[in-house]
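Novice: I have a structure I would like to understand better, so I am pasting it below and will then ask my questions one at a time.
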Amino acid sequence: MNDEASAWGQRFYTKAGFFPELSDEVVDRCAALVETIPPGAELSLWAHGGAVGRVSDDAMAYTGRTAAFNIGAELAWTDPADDEARIAWGRAAIGTLKPLMGTGTYVNDVVEADTNGAQIYGKAKYERLVGLKRKYDPDNFFRLNQNIRP
1 MNDEASAWGQ
11 RFYTKAGFFP
21 ELSDEVVDRC
31 AALVETIPPG
41 AELSLWAHGG
51 AVGRVSDDAM
61 AYTGRTAAFN
71 IGAELAWTDP
81 ADDEARIAWG
91 RAAIGTLKPL
101 MGTGTYVNDV
111 VEADTNGAQI
121 YGKAKYERLV
131 GLKRKYDPDN
141 FFRLNQNIRP
């Protein structure tokens, strides 16, 4: 499905967050960002709700069940010389939207190695996940992801 967009040699950066509503200010800021978007980048908007929102947010590891939307800056490019500029645009884009965000983010949208798990899941859920990790994976075998250290 994504063979062309995710071709070998592509470089990627993603940063996103959950939003409680799609306010006029969110739309205005997104529209301004699109004016400066680099080639190979997109500002994605995912509507939440439905069945995903009918499960308690603390029932599973997936977070953001009460968020109305997820907005992400997703960038792809091939030239390593563009790394700094592309990553800076993605960070700045989400930085512009951050004051309007709710809490948490979809874990697959996290590429920053130093992102705190409590920022992704919320403190209580993260602590519960750490406890599960200690119990079922104390040697941290499953670590090639947004790792939760035991």
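Residue numbers are given in the numbering used here: position 76 of the sequence shown equals residue 76, and the series is strictly consecutive. Yeah, the Cβ is synthetic: ideal placement off N, Cα and C, and Gly gets one too.
#1: Going by beta-carbon coordinates alone, are PHE18 and THR105 separated by less than 8 Å?
#2: Report the start-end ranges of each alpha helix (DSSP H) in the segment 72-131 that is 4 residues or longer and not cut off at the edges.
#3: Starting from the Cα of ALA124, find the closest Cα among ALA68, ASP139 and THR103 and give me that residue.
#4: Specify whether the segment 68-88 and the segment 132-147 touch according to this definition: at least 3 beta carbon pairs, one from each stretch, less than 8 Å apart.
#5: Identify every residue that forms a DSSP beta bridge with GLY17.
#6: Let me make sure I understand the geometry here. Which of ALA93, VAL26 and ALA68 has the alpha-carbon closest to that of GLY53?
#7: Run through DSSP, which three-state label would ARG134 get?
#8: Below 8 Å between beta carbons: does that hold for THR66 and ASP58?
#9: Tell me where the alpha helix (DSSP H) around GLU25 begins and ends.
#10: Given that a residue counts as buried once 16 or more other Cβ atoms are within 10 Å of its Cβ, and exposed if not, what is GLY95?
#11: Exposed or buried, ARG86, counting other C-beta atoms within 10 Å across all chains shown (16 or more means buried)?
#12: Got a sec: does the ligand ATP put a non-hydrogen atom nearer than 7 Å to the Cβ of PHE18?
Specialist: Concretely, from the data shown:
#1: If you number the sequence shown from 1, residue 18 lands on position 18. If you number the sequence shown from 1, residue 105 lands on position 105. Going by C-beta atoms, PHE18 is nearer than 8 Å to THR105.
#2: Within the segment 72-131, the complete alpha helix (DSSP H) runs of at least 4 residues are 83-97 and 117-121.
#3: Translated into positions along the sequence shown, residue 124 becomes position 124. The shortest C-alpha separation from ALA124 is found at THR103.
#4: Because the criterion of three Cβ pairs below 8 Å is not met, the segment 68-88 and the segment 132-147 do not touch.
#5: The sequence position of residue 17 within the sequence shown is 17, counting from 1. Residue pairing by DSSP places GLY17 opposite ILE71 in a beta bridge.
#6: Taking the first residue of the sequence shown as 1, we reach residue 53 at position 53. Nearest option by C-alpha distance: ALA68.
#7: By one-based count along the sequence shown, residue 134 stands at place 134. ARG134: helix per DSSP, three-state reduction.
#8: As a first step, residue 66 is located in the sequence shown; it is residue number 66 there, counting from the start. As a first step, residue 58 is located in the sequence shown; it is residue number 58 there, counting from the start. ASP58 is positioned such that its CB atom lies no closer than 8 Å to that of THR66.
#9: Indexing the sequence shown from 1 puts residue 25 at position 25. Unbroken alpha helix (DSSP H) run through GLU25: 24-34.
#10: Walking along the sequence shown from the start, residue 95 turns up at place 95. Label assigned to GLY95: exposed.
#11: One-based indexing of the sequence shown puts residue 86 at position 86. Per the 10 Å Cβ criterion, buried.
#12: No copy of the ligand ATP appears in this structure; indeed no ligand is present at all.
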